[in-house]
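**Q** Pasting a structure below so you can have a look.
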Amino acid sequence: MQKKRVFPLGQGVLYLLPSLLLFGMFVFYPLLDSVKLSLSYVDLMGEAAGYAGWQYYREMLSSAQFWHSLGATLLFAVYTVFPGMFLSLVLACLANWKLRGIGIFRTLFAFPLSIAVAGASMIFMMLFNPSTGVLDYFLQLFPLPAVFWLSDPNWALFSIAIIAIWRSLGFNTIVLLSGLQSIPEPLYESAHVDGASPWRIFKDITLPMLSPTLFFVFIVSVINALQTFGEINILTQGGPVDATNVMVYAIYRDAFFNQNYSYASAESIVLFLLILGLTTLEFWAMERKVFYR
Amino acid sequence: MAGIRFEQVSKDYAGHKVIEPFSLEIKDGEFFVLVGPSGCGKTTMLRMLAGLEETSGGSIWMDGADITHLEPKDRDIAMVFQNYALYPHMNVYNNMAYALKLRGYSKERIQDAVEKAAVMLDMEKLLKRYPRELSGGQQQRVALGRAIVRQPKVFLMDEPLSNLDARLRVQMRAELIRLHAELKATIVYVTHDQVEAMTMGSRIMLMHNGAIQQVGAPMELYGEPANRFVGGFIGSPPMQFLQGSLSWEDGRGVFRNETIKLFLAGDCSFQGEVCLGLRPEHLSLAKEGDANTIQGTVEIVENIGSEAIVHFSVGEAPLAIKIPTPRSLPKNGESISVMPGNLPVHVFNLETGRYIAKLRSEG
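Here is the structure:
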């Protein structure tokens, strides 16, 4: 009996080993090391050189810069998560129509998924260009004043959010579409016979049946929003006037420009706890409302 | 409650006719069963009546009104789906109340209707449960309850018992018969199971390859099958067939093929190639000295206690005989002698399969 139990366990660990190694090397070890660095004085080589206690955390919490970054990060999540989910839900519903050639649209909707962040950023840099960009051209047709998408501090975070939303559409649409397609057809027919209007069918059948998928997309979207880096690094470098200096970018700047490894580590631990806390909160608040079949 | 009339209704998919134009009248309060093998078009017909499927031609009338192009919700029908299609995120009460809520009924009225249906189906205790917490039979009841609370003019049921186990199916069959008597509603019921059709239907419509084969009371289809297909479909075990030629000599019918010669009596003038339909329950074991018998070799014996079915072959043709209260049964490989003994023998045209006459065997 004993032997029987031990063998599969060893076998299981063996199967897990490749991922455990990778995760250990690139996730768990850096995480633990960050905790250590955030509590230490660190030399220019990035080596811990003596215990510093909570000094860097205190410094961070009393820094206006940190609170600004935190605010920008949360604002960015608000800008991206709900509009992104809404748009991808609309696209997924459209793509769920049984029409001739719908496969072409499904592929198009998933397209953003295949474009790297650098490519997407370059495309949007051209679209956003105040003198040659298409977006301002359209605005002026109406005529509306031109917007300095990336160089106006009031607009920059919003503009980056547009890119992030566009980039998230592919993944979200695919996931939501697969969720939609797993809803059994007879449920719609039954609701139809029961006398439900298209809107009631969407509200009473589609949304509840899609809730686990929506919940999953929501969690992933929030985490992605809190960790956005590529677009900002390429297009605004945290500017203008720190408008897009979200936490991940602040961490990057503090660590690799200011060489303040301890401070950056402390920031990254706080970001980690923020994501962990938010995700836990989301689970606690929303899981009861999610219907799992 | 309402009568339904189909007028030259047909259905094609992509230029391919799946239902030949047909006309049909279903009377008010009738338990009307559409039966046939899978793919015969019976479910399509039901879905056209429900409004879930467009007709390709013809018109459908209910209570004297043309409903051909009405939305399902405007037809005053309720449908029970094969897999029940219960809303998994609503409890039993809300599943049943949903259609009434959509109609804007008051809370009290809804509660009253749901509770009444729950009592009728003996499931008052299940109202708070979710579909996933119910057994197949209970889910089936909820699906029925959902239809009953609507008090529709017509109930449509698409193979509602096919997902239940055999014992439960028998029980629900009786329950549906009782419900029909109680509600006095028009029910249009689709099934592939001829036993369900025979036991439940006021009238049956048998379909095959998108065409109506016969419409009538169960015993009409059993006793006077319009063609060979109907004969072979209705009855359990099904009618068995012998091919040969029929001729009339001195007022006696003579059926012949390579292996047998059978004398028949009756009123018929057809001569030529025919197919003889024999029901296993109309055959009996021959005693010594009996004339006009059929000789065969036993192949399989199915004994279910109250009766036994003995399958045997006559030349190439398989036949079967149903023996009530079996005591000593023939064994595999034994030769067997049976006789139709003054019981009905159905004659079908070999080429067209059409019914020619019902004769009796001599003896």
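Residue numbers (my numbering), protein chains in the order written: chain A, -16 to 276; chain B, 417 to 779.
C-beta: ideal position from N, C-alpha, C; glycine also.
(1) Can you find a CB in chain A that lies within less than 9 Å of the CB of residue 417 of chain B?
(2) Is there a Cβ of chain B sitting closer than 9 Å to that of residue 179 of chain A, yes or no?
(3) Just verifying my parser: in three-state terms, what is the DSSP assignment at residue 527 of chain B?
(4) Note down, in chain order, every chain E residue with its Cβ under 8 Å from the Cβ of residue 499 of chain B.
(5) Compare the C-beta of residue 268 of chain A with all C-beta atoms of chain B and state if any pair is closer than 9 Å.
(6) For the 8 Å Cβ check, are there 3 or more pairs between the region 534 to 549 of chain B and the region 499 to 507 of chain B?
(7) How would you label residue 551 of chain B, buried or exposed, when you count the other beta carbons within 10 angstroms and need 16 or more for buried?
(8) Along the chain, where does the beta strand (DSSP E) that runs through residue 34 of chain A open and close?
(9) What residues from the region 479 to 509 of chain B come within 9 Å of chain A, judged by C-beta to C-beta, listed N to C?
(10) Residue 52 of chain A CB to nearest chain B CB: under 9 Å?
(11) Please determine, among A/204, A/155 and A/145, the residue with the shortest C-alpha to C-alpha distance to residue 106 of chain A.
(12) Closer than 7 Å by C-beta to residue 674 of chain B: which residues in its own chain qualify, once you throw out the five before and the five after it? Chain order, please.
(13) Given a cut-off of 9 Å on the beta-carbon distance, is the pair residue 495 of chain B and residue 588 of chain B in contact?
(14) Kindly confirm or deny that the region 427 to 434 of chain B and the region 590 to 608 of chain B touch, where touching means at least three C-beta pairs closer than 8 Å.
(15) Under 9 Å between C-beta atoms, does residue 85 of chain A make it to chain B?
(16) Taking the straight line between their C-alpha atoms, what separation do you get for residue 21 of chain A and residue 248 of chain A?
(17) Applying the criterion that 16 or more other CB atoms from any shown protein chain within 10 Å of the CB defines a buried residue, is residue 762 of chain B buried or exposed?
(18) Compare the Cα-Cα distances from residue 654 of chain B to each of B/590, B/696 and B/565 and report the closest residue.
(19) Would residue 56 of chain A and residue 256 of chain A be called neighbours here (beta carbons separated by less than 9 Å)?
(20) DSSP beta-bridge partners for residue 672 of chain B?
(21) For residue 518 of chain B, decide whether its Cβ has a neighbour in chain A, counting only Cβ atoms nearer than 9 Å.
(22) Could you pull the DSSP bridge partners for residue 495 of chain B from this structure?
(23) Would you check if the distance between the CB atom of residue 578 of chain B and the CB atom of residue 498 of chain B is smaller than 9 Å?
(24) Going by the CB atoms, is the gap between residue 711 of chain B and residue 676 of chain B shorter than 9 Å?
(25) Could you please tell me which residues of the region 141 to 152 of chain A, in chain order, have their CB closer than 7 Å to any CB of chain B?
(26) Can you tell me whether residue 485 of chain B is buried or exposed, with buried defined as 16 or more other CB within 10 angstroms of its CB?
(27) Kindly identify the DSSP beta-bridge partner or partners of residue 473 of chain B.
(28) Taking buried to mean at least 16 other C-beta atoms within 10 Å of its own C-beta, is residue 685 of chain B buried or exposed?
(29) For residue 206 of chain A, go through chain B and note every residue whose CB falls closer than 9 Å to its CB, in chain order.
(30) Is the beta carbon of residue 424 of chain B less than 9 Å from the beta carbon of residue 480 of chain B?
(31) Could you give the distance in angstroms between the alpha-carbon of residue 694 of chain B and the alpha-carbon of residue 470 of chain B?
(32) Can you tell me the Cα-Cα spacing of residue -16 of chain A and residue 734 of chain B, whole angstroms?
(33) For residue 417 of chain B, which three-state DSSP category applies?
(34) Spatial neighbours of residue 47 of chain A within its chain, please: CB distance less than 8 Å, with the 5 preceding and 5 following residues excluded, ordered by chain position.
(35) Can you check whether the C-beta of residue 198 of chain A is within less than 9 Å of a C-beta belonging to chain B?
(36) Using a Cβ-Cβ cut-off of less than 9 Å, give me the residues of the region 180 to 192 of chain A that come near chain B, in sequence order.
**A** According to the structure shown:
(1) At residue 417 of chain B the pLDDT is 49, less than 50, meaning the model places this residue with poor confidence; the figure from the coordinates comes in the next sentence. No, no contact with chain A.
(2) True, the Cβ-Cβ gap to chain B drops below 9 Å.
(3) In the structure shown, residue 527 of chain B sits in a helix (DSSP, three-state: H, G or I).
(4) The question asks about chain E, but that chain is absent: this structure's protein chains are A and B.
(5) At a cut-off of 9 Å between C-beta atoms, residue 268 of chain A does not count as an interface residue with respect to chain B.
(6) These segments touch.
(7) Looking at its Cβ environment, which holds fewer than 16 other Cβ atoms inside 10 Å, residue 551 of chain B is exposed.
(8) Here the beta strand (DSSP E) through residue 34 of chain A covers 31 to 34.
(9) Here the close residues are 487, 488, 489, 490, 491, 493, 494, 495, 497, 498, 499, 500, 501, 502, 503, 504, 505 and 506.
(10) So no, residue 52 of chain A is outside the interface.
(11) The residue from A/204, A/155 and A/145 with its alpha-carbon nearest to that of residue 106 of chain A is A/145.
(12) Excluding sequence neighbours, residue 674 of chain B sits near 731.
(13) In terms of Cβ geometry, residue 495 of chain B and residue 588 of chain B do not form a close pair [threshold 9 Å].
(14) Taking a contact to require three or more Cβ pairs closer than 8 Å, the region 427 to 434 of chain B and the region 590 to 608 of chain B do not qualify as touching.
(15) In terms of beta-carbon proximity, residue 85 of chain A stays away from the interface with chain B, with every pair separated by 9 Å or more.
(16) As the crow flies, the alpha-carbon of residue 21 of chain A is around 5 Å from that of residue 248 of chain A.
(17) Classified as buried, residue 762 of chain B has 16 or more neighbouring CB atoms from the shown chains inside 10 Å of its CB.
(18) Closest in C-alpha terms to residue 654 of chain B, from the list B/590, B/696 and B/565, comes B/696.
(19) No. Outside cutoff.
(20) Answer is B/661 and B/677, bridged to residue 672 of chain B.
(21) At least one chain A Cβ lies under 9 Å of residue 518 of chain B.
(22) Assignment of beta-bridge partners to residue 495 of chain B by DSSP yields B/572.
(23) Less than 9 Å divides the Cβ of residue 578 of chain B from the Cβ of residue 498 of chain B.
(24) A contact, by the Cβ cut-off of 9 Å.
(25) The residues in question: there are none.
(26) Residue 485 of chain B should be labelled exposed.
(27) Paired residues: B/426.
(28) Around the beta-carbon of residue 685 of chain B, fewer than 16 other beta-carbon atoms lie within 10 Å, marking it exposed.
(29) Within chain B, no residue has its beta carbon less than 9 Å from that of residue 206 of chain A; the closest one is some 26 Å off.
(30) Result no, Cβ atoms of residue 424 of chain B and residue 480 of chain B do not sit closer than 9 Å.
(31) A straight line joining the alpha-carbon of residue 694 of chain B with that of residue 470 of chain B spans about 41 Å.
(32) Residue placement at residue -16 of chain A is flagged as unreliable, the pLDDT there being 44, under the threshold of 50; the coordinate-derived value follows with that caveat. Roughly 57 Å separates the two Cα atoms.
(33) Residue placement at residue 417 of chain B is poorly supported in this model, since its pLDDT is 49, which falls under 50; the coordinates are not used for a value here.
(34) In the same chain as residue 47 of chain A, and ignoring 5 residues on each side of it, no C-beta atom comes closer than 8 Å to its own.
(35) Output row for residue 198 of chain A: interface = no.
(36) The region 180 to 192 of chain A vs chain B, Cβ under 9 Å: 180, 183, 187, 188, 191 and 192.
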